[in-house]
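Peer 1:
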Amino acid sequence: MNKMKLILDSENEWGFFVDPKTFDIFTIDNDIPDSSLVIVKEKEYIEDIDRTVIQTSYGIVDKNKFITKNKKEISKLMSEACSKFILARDTLPPKVKVEKELQEDKPAQLAFMLSNYDIFHLKISSTMLDGLNPFERIQDIIGNETQKLTLYDREDKWKIEYAKSSRATCKSCGLKIEKGTVRIGEPYYFDQYLNYRWHHEKCIFWSRLEIKQLENLEQLEKEDKKRIESYF
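Take a look at the structure:
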């Protein structure tokens, strides 16, 4: 099997590659097999905001060369690989879940959850499944599996409350959230358990939320509640 060497800066770079046939995930340690889907992370200091951020790049290995792709292109390749996996094994690949409720005569929307921060949105069409109906095929898979394969019935409400201490760090700006100030909890799952990423009120992009998604809004003091409501 052809392999490509990819040498990363051990202090500032790290990454993974995915075998598209098995969906097994490997840490990059120089050699990457041909046809692998590659995700590379790099720490970068941004002087203007005095913060270190994580930049992500994507690509594939093709004939011992690294071909840069964007996330949308990688997601399409993963969709094709996922379809082949389903046809060959009659089950979903590892770390692939049904993201949105299945609908007849429409592509199935799945998610490959490489990590809590790297989620790839896949669309599986009838064409990819050699003419099979994605709704029927994936419903059969869900019915035959004992483990939970769906995401759409997970908790999606954001928690709003007063910070109980000053220990939590805002996941948007990286600064501490002062005790007693309003903090917003973004729901996420780790090993199937619900957790929250906390943010300052001012760091939230309120346009991406609906007021009905906020939990505990009624428990805020009158002025704080009125201010939050004004964002919608």
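For what it's worth, numbering that gives the first Met the number 0 labels the leading residue of the sequence shown as 0, then goes sequentially.
Using N, Cα and C, we set each Cβ at its ideal position, and we do this for glycine too.
Would you kindly report the start and end of the unbroken alpha helix (DSSP H) that includes Phe84?
Peer 2: The count along the sequence shown starts at 1 and reaches residue 84 at position 85. Residues Lys70 to Arg88.
Peer 1: Apart from the five residues just before and just after Gln212, which ones in its own chain have a Cβ nearer than 6 Å to its Cβ?
Peer 2: Numbered from its first residue, the sequence shown carries residue 212 at position 213. Excluding sequence neighbours, Gln212 sits near Lys156 and Trp157.
Peer 1: Which residue marks the beginning of the beta strand (DSSP E) containing Ile227, and which one marks its end?
Peer 2: Looking up residue 227 in the sequence shown gives position 228. Here Ile227 belongs to no beta strand (DSSP E); instead the alpha helix (DSSP H) covers Lys221 to Glu228.
Peer 1: How long is the line joining the alpha carbons of Lys40 and Lys221, rounded to whole angstroms?
Peer 2: Residue mapping note: residue 40 aligns to position 41 of the sequence shown, counting from 1. Residue mapping note: residue 221 aligns to position 222 of the sequence shown, counting from 1. C-alpha separation (whole angstroms): 43 Å.
Peer 1: Over the uninterrupted beta strand (DSSP E) stretch that includes Tyr161, give me the two end residues.
Peer 2: Numbered from its first residue, the sequence shown carries residue 161 at position 162. Taken as a continuous stretch (DSSP letters only), the beta strand (DSSP E) holding Tyr161 covers Trp157 to Tyr161.
Peer 1: Which class does Asp139 belong to by DSSP, given the choice of helix, strand or coil?
Peer 2: Working through the sequence shown from its first residue, we reach residue 139 at position 140. Asp139: helix per DSSP, three-state reduction.
Peer 1: Measuring alpha carbon to alpha carbon, tell me which residue in Pro133, Ser171 and Ile210 is nearest Ile48.
Peer 2: Sequence index remark: in the sequence shown, residue 48 carries index 49 (1-based). Comparing Cα-Cα distances from Ile48 to each of Pro133, Ser171 and Ile210, the minimum goes to Ser171.
Peer 1: Taking DSSP's pairing of strands, which residues face Asp186 in a bridge?
Peer 2: Within the sequence shown, numbered from 1, the residue matching residue 186 stands at position 187. Per the sequence shown, residue 186 should be read as Pro rather than Asp. DSSP, once it has assigned bridges, lists Tyr195 as partnering Pro186.
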